[in-house]
Structure formats: structure tokens, C-alpha cells
Amino acid sequence: MKIKNGFILSRVGDDMVAVATGELSGEFSNLIVLNSVGTFLWEKLSAEGGADAESLASAVLEEYEIDEKTARADISVFLDRLSAAGILEN
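Heads up: the sequence shown at position 19 corresponds to 251 in this note's numbering, and the numbers run straight through without jumps.
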């Protein structure tokens, strides 16, 4: 899965915010503020080819001090929220 074309991250003050651009800016009215882990995951999902939940979990476990069960649960919630907002594509 990957971030749909037309969505970018933008810094607003100290926060990173998901922003729709172009035609999507009129359709997307949500505001999604990302913490450092959310930003890390967004960057992985924005890379060429995107990422799957397994590769995201591996990357988070390598980068952050977190147990596997918590990491997988948090990633699942994050992906569900992006999907519900219409930001992810397969």
C-alpha cells in the first residue's frame, strides 16, 4: 500500500500535517497531525512502491524502542485511519 498521489506532509509550527494538494484539496477536509512515528511511517508509505504492514513493523522495530505487539497494534490503527480518510491505495 502507499500514500495516494496528491497528499503530502507539511510542517505547521512544530507539527507535521497531512495535506491534500491539487484536485484533492477540495475533496479532503480532514486534518491529520502526525507524531514522529507517524511521520516515519508516512515516509515509508510515500516511497516508491509503498510498504506493507510487515515491512512497516520491521522498520519501526529497528528504528524505535518498542515491543513488537505494541508496534503492530499501533501500525494497524494508523493504517486504518489513513485508509478511512481515503489517503491509502493498494
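Every residue gets a Cβ at the ideal spot worked out from N, C-alpha and C, and that includes glycine.
Keep in mind that this is a model prediction, so the values were computed, not measured.
Assigned exposure category for residue i - 16 Cβ within 10 Å defines buried
i	result
SER252	Going by the sequence as given, residue 252 is Ala instead of Ser. With 16 or more Cβ atoms within 10 Å of its Cβ, ALA252 is classed as buried.
ILE319	buried
ALA250	buried
VAL292	buried
Per DSSP, the bridge partner or partners of residue i
i	result
SER242	VAL249
GLU321	LYS234
Own chain partners of residue i with C-beta closer than 7 Å, once the 5 adjacent residues on each side are dropped
i	result
ARG304	ALA289
ILE264	VAL249, ALA250, ALA317
GLU295	PHE272
Distance between beta carbons of residue j and residue i, contact taken as under 8 Å
i	j	result
GLY282	MET233	5 Å
Neighbourhood of residue i by C-beta, 8 Å cutoff - its chain only, sequence neighbours within 5 removed
i	result
ASP284	MET233
THR271	LEU241, MET248
SER287	LYS276
Close beta carbons around residue i, own chain, < 6 Å, minus the five adjacent residues each side
i	result
SER278	ILE235
ASN267	none
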